[in-house]
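Sequence lines, in order, name chains A and B. The opening residue of the first sequence carries number 1 in the numbering used here; numbering runs sequentially from there. The opening residue of the second sequence carries number 287 in the numbering used here; numbering runs sequentially from there. Worksheet: one structure, shown below.
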Amino acid sequence: MDELLQALAQGFLVGSTYGLLALGMGLIYSVSGLVNFAHGDFFSLGMYLCFALFSAFALDPYVSLVITLPAMMLIGAGVYQFLIRPIAGHHLLMVIQLTLGLALLVQNGILMVFGGQFERTPSIVESKLVLLGPVVVRMPHVIACLASFGIAAALYVLLRSTDWGRAIRSVHQNAKAAALMGIDVGRVRMLTFAAGLGLLAIAAALIVPGTPMHPSLGLRYTVITLIVMVLGGMTNFVGIMLAGLVIGISEALGTIYLSDMLGMLMPYLIFVVIMLLRPQGLLKAA
Amino acid sequence: MKSEFFTVLRSPVFWGAIILLALGPFVLPSYYLHIATLTLIYIALASSWNIVGGIGGQISLAHSLFVGTGAVLSSALLLKLGINMWLGMVIAALVSGLMGAIISFIDFRFRLGHLSFALITLAFAEMGEIIVIGTEALGGASGLFLPKDKGDLLAFQFGSGAGIFWVMLTLAVGAILINLAVLNLPLGFYLRTIRDNEAAAQAIGVNILRNKTIAMVISAMFTSVIGTAYARYLTFVDPYQLASPVLTVEIVLIATVGGLGKAFGPALGAVLLIPLGEILRGKLGGSLPGLHYFVYGAVVIAVILATPRGLLPALQSRLASWRGSAKSEAKKPSIAAPGA
Numbered sequence: 001m002d003e004l005l006q007a008l009a010q011g012f013l014v015g016s017t018y019g020l021l022a023l024g025m026g027l028i029y030s031v032s033g034l035v036n037f038a039h040g041d042f043f044s045l046g047m048y049l050c051f052a053l054f055s056a057f058a059l060d061p062y063v064s065l066v067i068t069l070p071a072m073m074l075i076g077a078g079v080y081q082f083l084i085r086p087i088a089g090h091h092l093l094m095v096i097q098l099t100l101g102l103a104l105l106v107q108n109g110i111l112m113v114f115g116g117q118f119e120r121t122p123s124i125v126e127s128k129l130v131l132l133g134p135v136v137v138r139m140p141h142v143i144a145c146l147a148s149f150g151i152a153a154a155l156y157v158l159l160r161s162t163d164w165g166r167a168i169r170s171v172h173q174n175a176k177a178a179a180l181m182g183i184d185v186g187r188v189r190m191l192t193f194a195a196g197l198g199l200l201a202i203a204a205a206l207i208v209p210g211t212p213m214h215p216s217l218g219l220r221y222t223v224i225t226l227i228v229m230v231l232g233g234m235t236n237f238v239g240i241m242l243a244g245l246v247i248g249i250s251e252a253l254g255t256i257y258l259s260d261m262l263g264m265l266m267p268y269l270i271f272v273v274i275m276l277l278r279p280q281g282l283l284k285a286a
Numbered sequence: 287m288k289s290e291f292f293t294v295l296r297s298p299v300f301w302g303a304i305i306l307l308a309l310g311p312f313v314l315p316s317y318y319l320h321i322a323t324l325t326l327i328y329i330a331l332a333s334s335w336n337i338v339g340g341i342g343g344q345i346s347l348a349h350s351l352f353v354g355t356g357a358v359l360s361s362a363l364l365l366k367l368g369i370n371m372w373l374g375m376v377i378a379a380l381v382s383g384l385m386g387a388i389i390s391f392i393d394f395r396f397r398l399g400h401l402s403f404a405l406i407t408l409a410f411a412e413m414g415e416i417i418v419i420g421t422e423a424l425g426g427a428s429g430l431f432l433p434k435d436k437g438d439l440l441a442f443q444f445g446s447g448a449g450i451f452w453v454m455l456t457l458a459v460g461a462i463l464i465n466l467a468v469l470n471l472p473l474g475f476y477l478r479t480i481r482d483n484e485a486a487a488q489a490i491g492v493n494i495l496r497n498k499t500i501a502m503v504i505s506a507m508f509t510s511v512i513g514t515a516y517a518r519y520l521t522f523v524d525p526y527q528l529a530s531p532v533l534t535v536e537i538v539l540i541a542t543v544g545g546l547g548k549a550f551g552p553a554l555g556a557v558l559l560i561p562l563g564e565i566l567r568g569k570l571g572g573s574l575p576g577l578h579y580f581v582y583g584a585v586v587i588a589v590i591l592a593t594p595r596g597l598l599p600a601l602q603s604r605l606a607s608w609r610g611s612a613k614s615e616a617k618k619p620s621i622a623a624p625g626a
């Protein structure tokens with residue numbers, strides 16, 4: 001019983017960060033219909049930026065966010081403006097291939113600068129444990145989980161009731177009509193892309209304490225993020241957080257109760273089954 | 287329209303180029319012969335994928351499953367059960383065809399959109415790799431070693447160097463000819479109709495399930511055969527290479543950059559990207575890890591930005607506008623192809 005509770009707690013905490021990763025991707029998808037296959041590699045980049053700042057100035061990951069957040073947003077705006085915007089409107093595959101080229105670029109850029117060994121970035125809260133009855137969880141996971149839900153809620157409010165949010169939703173619904181209403185569609189898309197990468201910078205700072213990182217892990221993060229986003233109904237932020245929890249918990253339960261192989265298969269199996277039975281995602285798209 | 291297939295079949299340029307290529311092993315040093323062989327493999331793989339992904343417009347990311355089946359299953363049958371690799375090749379091709387048919391059926395039954403189809407096939411491919419790595423009978427994570435190639439044709443051995451090069455040349459030419467044939471058969475017209483507007487295709491009586499399934503099965507079986515030959519060429523059957531979704535990503539990249547849906551597009555993409563990747567690896571691979579892939583990624587982005595509709599269509603429209611302007615100097619202003 002304790003084992004089950006422990007797995008559930010672990011899966012819940014990890015799943016909430018999957019949700020946060022997918023929120024950034026969903027935000028970008030909702031306004032530009034673009035599936036960013038470099039998402040996981042940009043997430044890696046965020047983690048390595050934290051690592052670099054820690055190595056150079058001994059900055060705690062949570063503090064280094066002051067630098068990594070604007071840096072990642074600038075990168076995002078640049079990538080959208082100079083690489084993605086020029087080929088927007090061409091075949092869906094072309095745009096996907098471009099982001100795959102970008103993934104190669106980022107992944108191997110990291111490899112060139114930091115080398116191919118596993119790295120860890122510590123934080124002052126890293127070794128603190130939290131006891132919840134019989135369940136033991138690590139402090140960074142709790143912080144990441146709380147922050148993920150906080151950010152998801154903030155994003156929800158932002159999209160509901162600010163002008164920026166209304167602009168995003170109008171571009172999502174009908175880009176042409178939005179342009180006719182005087183919304184600068186290109187600018188909204190650029191800002192959203194920047195915001196998507198900014199979310200990744202936050203996610204990186206939250207996840208990096210104690211997480212081993214390697215340049216080649218980017219594609220794996222991308223695939224998990226994609227699965228979570230699609231399960232959540234692409235643009236439904238409540239659905240995306242829920243899907244993150246489903247995937248996180250199924251992964252945790254799978255590795256404990258089933259063989260290693262079945263545990264690894266679990267998220268994919270669940271994904272295929274849910275996609276076939278509920279193609280619109282767990283919740284209906286907003 | 288039907289004549290395009292026969293025009294190419296009768297064209298002396300086509301056969302001349304093949305004969306010229308077939309002489310390659312006699313003049314190329316072994317390093318360049320390796321690059322040439324690899325290029326032919328990827329021409330074959332990308333062209334086979336093109337039947338589903340380009341002509342049919344279905345972004346299948348499951349093709350590593352078929353390469354993996356062709357490579358791993360036939361090798362495992364040979365090593366664990368002593369089944370001749372020719373028979374193993376046929377068995378693997380049948381299994382791949384069956385998997386292709388099942389994927390098509392799922393696609394049809396559940397009416398998947400483009401993105402869902404891509405992601406579900408990607409999930410299948412990920413699961414395939416995990417299963418191969420976790421199953422000892424299929425070689426597990428450590429892979430399988432085929433016996434040394436002694437040139438015994440009956441045992442699926444073609445001799446190193448020239449022999450396997452000719453096999454790959456045959457497969458590459460075969461894949462391109464299948465593309466041409468499909469494009470000029472009713473199947474190709476149905477597929478393009480479905481790609482361009484599925485609802486309209488259905489309304490005028492095109493059998494969607496049947497045509498998509500035929501395309502997928504052809505593509506899957508041929509990809510599986512290439513997989514078996516690829517395993518024979520590599521001798522070491524590494525699941526992380528041959529059953530990995532990364533392989534599919536490479537195949538799709540080549541086909542897309544070259545020109546989707548064109549018979550010679552994927553071949554052009556392979557001819558550009560594979561030698562580029564290999565030469566970069568040779569020149570830069572030793573100096574700084576990651577540098578050659580970094581440059582490769584940069585070139586891919588540059589090519590996509592320069593020719594967003596694919597290399598072959600861009601070349602064709604450039605050629606057409608050049609011809610057009612040469613002709614029209616006397617008559618009327620040139621009609622450039624859109625986007626040229």
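Built from N, CA and C at the ideal position, the CB exists for glycine as well. Quick caveat: nothing in here was measured; it's all calculated off a predicted structure.
Handout entry: Own chain, CB closer than 8 Å to Lys434/B, minus 5 neighbours either side, in chain order
Key = Once the five neighbours on either side are set aside, the close Cβ partners of Lys434/B are Thr521.
Practice task
Indicate the three-state DSSP secondary structure (helix, strand or coil) for Leu278/B in the structure shown.
Solution key: In the structure displayed, chain B extends from 287 to 626; residue 278/B sits before or after that span and is not available.
Practice task
Step through the CB atoms of chain B and report whether any lies within less than 9 Å of the CB of Ile240/A.
Solution key: By the rule that beta-carbons nearer than 9 Å mark a contact, Ile240/A does not touch chain B.
Exercise for the section: Helix, strand or coil for Val492/B, going by three-state DSSP, please let me know. Expected result: Val492/B: coil per DSSP, three-state reduction.
Handout entry: Residues of the segment 594-613 of chain B whose Cβ lies closer than 9 Å to any Cβ of chain A, in chain order
Key = From the segment 594-613 of chain B, only Pro594, Arg595, Gly596 have a Cβ closer than 9 Å to chain A.
Practice task
Please find out if some non-hydrogen atom of the ligand SAH comes closer than 8 Å to the beta-carbon of Tyr18/A.
Solution key: Ligands are entirely absent from the displayed structure, and the ligand SAH is therefore not among its contents.
Practice task
Determine, using beta carbons only, whether Met94/A comes closer than 9 Å to chain E.
Solution key: The question asks about chain E, but that chain is absent: this structure's protein chains are A and B.
Practice task
Report the neighbours of Val376/B on chain A: residues whose CB is nearer than 7 Å to its CB, in chain order.
Solution key: Result: empty, since nearest Cβ-Cβ is about 28 Å, beyond 7 Å.
Exercise for the section: Have a look at Leu347/B, Val543/B, Leu577/B, Ala515/B and flag the residue whose alpha-carbon is nearest the alpha-carbon of Met452/B. Expected result: The sequence given here places Trp at residue 452/B; Met does not occur at that position. Here the closest residue by C-alpha is Ala515/B.
Practice task
Go through its chain and collect everything with a Cβ distance to Ala487/B's Cβ below 6 Å, but skip five positions before and after it.
Solution key: Shown here for Ala487/B: same chain residues with a beta carbon closer than 6 Å to its own, the five before and five after excluded, namely Thr479, Ile480 in chain order.
Handout entry: Beta-carbon proximity list for Leu598/B, same chain, < 7 Å, skipping 5 on both sides
Key = The residues Gly544, Gly545, Lys548, Phe550, Gly551, Leu554, in chain order, have a CB closer than 7 Å to that of Leu598/B in the same chain once the five nearest residues on each side in sequence are set aside.
Problem - Ala448/B versus Arg296/B, Ala322/B, Tyr526/B, residue with shortest Cα-Cα distance - result: Per the Cα distances, Ala322/B.
Handout entry: Met1/A - DSSP class collapsed to helix/strand/coil
Key = Coil at Met1/A, not helix or strand.
Exercise for the section: Over the uninterrupted beta strand (DSSP E) stretch that includes Arg138/A, give me the two end residues. Expected result: 135-138 is the span of the beta strand (DSSP E), which, as asked, contains Arg138/A.
Practice task
Determine the direct distance from the alpha carbon of Tyr318/B to that of Asp184/A, and round the result to whole angstroms.
Solution key: Answer to the nearest angstrom: the Cα atoms are 52 Å apart.
Handout entry: Short CB-CB distance (under 9 Å) between Arg496/B and chain A
Key = So, not an interface residue.
Exercise for the section: Please decide whether Leu398/B counts as near chain A, where near means a Cβ-Cβ distance under 9 Å. Expected result: With 9 Å as the cut-off, Leu398/B counts as an interface residue toward chain A.
Problem - C-alpha distance - Ala179/A paired with Ile207/A, whole-angstrom precision - result: Near 38 Å, if we compare the C-alpha coordinates of Ile207/A and Ala179/A.
Problem - Coil, strand or helix - Phe118/A by DSSP - result: Correct three-state label for Phe118/A: coil.
Exercise for the section: Output the boundary residues of the alpha helix (DSSP H) element that contains Val453/B. Expected result: Where Val453/B is concerned, the enclosing alpha helix (DSSP H) stretches over 448-470.
Exercise for the section: For Ala103/A, collect the residues of the same chain with a Cβ closer than 8 Å to its Cβ; drop the 5 residues on either side in sequence, then sort them by chain order. Expected result: Once the five neighbours on either side are set aside, the close Cβ partners of Ala103/A are Phe37, Ala38, Gly40, Asp41, Gly218, Leu219, Thr222.
Exercise for the section: Measure the alpha-carbon distance for Leu129/A versus Ala9/A and round it to whole angstroms. Expected result: Taking the CA atoms as reference points, Leu129/A sits about 13 Å from Ala9/A.
Practice task
With a cut-off of 8 Å on the beta carbons, I'd call Leu111/A and Pro215/A a contact; round off their distance for me.
Solution key: That belief holds up - the Cβ atoms of Leu111/A and Pro215/A are roughly 4 Å apart, short of 8 Å.
Handout entry: Members of the segment 401-416 of chain B near chain A, C-beta cut-off 8 Å
Key = Under the 8 Å Cβ criterion, the segment 401-416 of chain B contributes Leu401, Ser402, Leu405, Ile406, Leu408, Ala409, Phe410, Glu412, Met413, Ile416.
Problem - Own chain partners of Ile270/A with C-beta closer than 6 Å, once the 5 adjacent residues on each side are dropped - result: Ser250.
Handout entry: Alpha-carbon to alpha-carbon, Phe51/A and Leu59/A
Key = Each residue's Cα considered, the two are about 9 Å apart.
Problem - Within-9 Å CB hit, Val171/A to chain B - result: Taking Cβ atoms only, chain B never reaches closer than 9 Å to Val171/A, which makes this a no.
Exercise for the section: Count the CB pairs spanning the segment 334-341 of chain B and the segment 532-541 of chain B that are closer than 8 Å, and state whether there are at least three. Expected result: The way I'd put it, the segment 334-341 of chain B does touch the segment 532-541 of chain B; three or more beta-carbon pairs between them come closer than 8 Å.
Handout entry: Ser390/B classed as buried or exposed, judged by whether at least 16 other C-beta atoms fall within 10 angstroms
Key = Buried, because 16 or more other Cβ atoms sit within 10 Å of the Cβ of Ser390/B.
Exercise for the section: State the Cα-Cα distance for the pair Val157/A and Ala423/B, rounded to the nearest angstrom. Expected result: Between the C-alpha atoms of Val157/A and Ala423/B there is a straight-line separation of about 54 Å.
Practice task
Examine chain B for any beta-carbon lying closer than 9 Å to the beta-carbon of Phe51/A, and answer yes or no.
Solution key: Answer no: the Cβ-Cβ gap between Phe51/A and chain B never drops below 9 Å.
Practice task
Taking 9 Å as the cut-off, decide whether the C-beta atoms of Pro561/B and Thr325/B are in contact.
Solution key: It is a contact, given that the beta carbons lie within the stated cut-off.
Practice task
State the DSSP-derived secondary structure class of Ala131/A, mapped to helix, strand or coil.
Solution key: Checking the sequence shown, residue 131/A turns out to be Leu, not Ala. DSSP places Leu131/A in strand when its eight states are reduced to three.
Exercise for the section: Look up Pro209/A in the DSSP assignment and give the residues it is bridged to. Expected result: As computed with DSSP, Pro209/A is found in a beta bridge with Thr121/A.
Practice task
Give, in chain order, every residue of the segment 256-270 of chain A whose Cβ lies closer than 8 Å to some Cβ of chain B.
Solution key: Residues Ser259, Asp260, Met261, Met264, Leu265, Tyr268, Leu269.
Exercise for the section: Note down the Cα distance separating Leu439/B from Met371/B, rounded to an integer number of angstroms. Expected result: If I take the Cα positions, the gap works out to 10 Å.
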